[in-house]
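Notes follow the structure.
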Amino acid sequence: MRFGVCWRLVLAIVLLILAPIALLLSVYSSSLQHSAQDYSLFTVNTSRIGSHLYTELSTTLKNCPPRSKKVYIPGAGAIASVITTGASQILCSLRNEVETVVADIEQNVHGSFAQAFRLHDFYSFHLLSVCYGYYTPSAISNATYPSPGYNVTGCSNLSDKLDIQPGYMLRQDIAYSDVAKIVNLTSLDWPPKLDEQMKTLQSTFLALLWLDIIAAGVTCCYLCTVVTVIFTYKNTIAALAVWLGIPTSLLTISLGSLATYMRHKAVAVVTELGAPVGVAAGGGWAFIGLLWAAFSAESLGTVLLWLAQRTTSKCD
Numbered sequence: 000m001r002f003g004v005c006w007r008l009v010l011a012i013v014l015l016i017l018a019p020i021a022l023l024l025s026v027y028s029s030s031l032q033h034s035a036q037d038y039s040l041f042t043v044n045t046s047r048i049g050s051h052l053y054t055e056l057s058t059t060l061k062n063c064p065p066r067s068k069k070v071y072i073p074g075a076g077a078i079a080s081v082i083t084t085g086a087s088q089i090l091c092s093l094r095n096e097v098e099t100v101v102a103d104i105e106q107n108v109h110g111s112f113a114q115a116f117r118l119h120d121f122y123s124f125h126l127l128s129v130c131y132g133y134y135t136p137s138a139i140s141n142a143t144y145p146s147p148g149y150n151v152t153g154c155s156n157l158s159d160k161l162d163i164q165p166g167y168m169l170r171q172d173i174a175y176s177d178v179a180k181i182v183n184l185t186s187l188d189w190p191p192k193l194d195e196q197m198k199t200l201q202s203t204f205l206a207l208l209w210l211d212i213i214a215a216g217v218t219c220c221y222l223c224t225v226v227t228v229i230f231t232y233k234n235t236i237a238a239l240a241v242w243l244g245i246p247t248s249l250l251t252i253s254l255g256s257l258a259t260y261m262r263h264k265a266v267a268v269v270t271e272l273g274a275p276v277g278v279a280a281g282g283g284w285a286f287i288g289l290l291w292a293a294f295s296a297e298s299l300g301t302v303l304l305w306l307a308q309r310t311t312s313k314c315d
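According to numbering that gives the first Met the number 0, the residues represented by the sequence shown are 0 to 315, in order.
Okay, here's the thing in structure tokens:
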């Protein structure tokens with residue numbers, strides 16, 4: 000076998016080894032708990048959930064009049080003055096309490112309202128599980144820490160139906176906390192429509208999972224065919240391997256496109272419907288990068304195999 004053909008085949012094999020590794024990593028990324036956050040399909044940020052309640056109350060009370068001076072108004076007017084002044088003082092006192100609570104949250108749980116309600120700061124959705132944890136050192140960006148880090152504290156397997164509704168995870172956290180009797184999603188103004196919209200994406204999520212597994216399997220078969228070419232090097236087998244590479248690459252590009260759509264749709268739904276209650280979504284780029292990297296490796300490997308096969312055909 001000529002050197003020019005040999006190095007192309009070896010490089011093609013290296014690329015085709017990397018492709019299924021990338022595909023399988025995207026499926027089982029949550030098993031790497033310390034780096035799981037980097038390879039999630041999307042992440043729901045709930046660290047500021049409930050902050051709108053304090054903001055609304057503070058806004059309502061910000062025009063609370065200062066303590067009134069005692070003014071004597073004879074007759075019924077005196078009673079009205081006392082009632083009005085007393086009510087104003089109560090509201091002002093309430094405003095101070097609200098500001099104290101917010102300041103306490105900012106200081107003790109590092110800007111995370113979620114922790115005050117016994118919730119996690121984020122929930123990262125993977126193909127087989129959801130991971131959760133807290134932002135470090137603070138849930139909000141500042142001059143010292145412009146980009147908060149992630150402390151993944153655990154991962155849970157998704158149900159058989161692959162339930163990707165954020166509200167389900169929040170209910171689970173509240174149910175096992177010490178505030179279950181006084182806090183629920185209704186009291187936090189959680190929008191039911193958000194979970195309804197996410198439920199419509201579950202079939203797409205399931206299709207993405209199976210397509211990823213199938214793509215990894217097909218790529219492994221393609222790799223075995225290319226390895227056979229190196230040891231036997233028959234032109235017919237090389238041609239077969241080239242033709243097998245085309246549907247393999249098409250399958251992977253379909254997977255990457257579906258994952259990109261799924262990520263954008265999920266982030267858009269959560270951000271649009273969750274913004275009023277302090278919830279947002281993002282992430283997923285490393286996961287999508289794995290899929291497109293797998294497609295690039297398969298495509299380049301196929302091209303190299305085709306060049307090797309073409310060179311050999313001319314020599315023959």
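Heads up, the beta-carbon is just placed ideally off N, CA and C, and yes, glycines get one too. As the structure is a computational prediction, the values presented were derived from the model and not from experiment.
Excluding its 5 nearest sequence neighbours in each direction, S186 has no C-beta neighbour in its own chain below 7 Å. Of L118, T42 and Q201, the smallest CA-CA separation from Y175 is found for L118.
Here A215 is near L22, since their CB atoms are less than 8 Å apart. Taken through DSSP and simplified to helix, strand or coil, A258 comes out as helix. V269 has no beta-bridge partner at all, per DSSP. The beta carbon of D194 is closer than 8 Å to those of Q164, P165, G166 and Y167 in its chain, skipping five residues each way along the sequence.
Beta-bridge partners assigned by DSSP to T135: G148.
For Y167, the secondary structure class from DSSP, reduced to helix, strand or coil, is helix. Non-local beta-carbon contacts of P191 in its own chain, meaning distances under 6 Å to residues more than five positions away in sequence, are absent. The criterion of a C-beta distance shorter than 8 Å is satisfied by I12 and V225. W284 counts as exposed, since fewer than 16 other beta carbons sit within 10 angstroms of its beta carbon. For the pair F112 and I48, the CB atoms are nearer than the 8 Å cut-off.
Annotated three-state conformation of F116 is coil, per DSSP. Shown here, S155 sits in a strand according to DSSP, grouped into three states. T301 is the residue among F204, A280 and T301 whose C-alpha sits nearest the C-alpha of L222.
Counted as a single uninterrupted DSSP element, the beta strand (DSSP E) harbouring V43 occupies residues F41 to N44. Partner residues in the beta bridge of C130, as assigned by DSSP, are S123 and C154.
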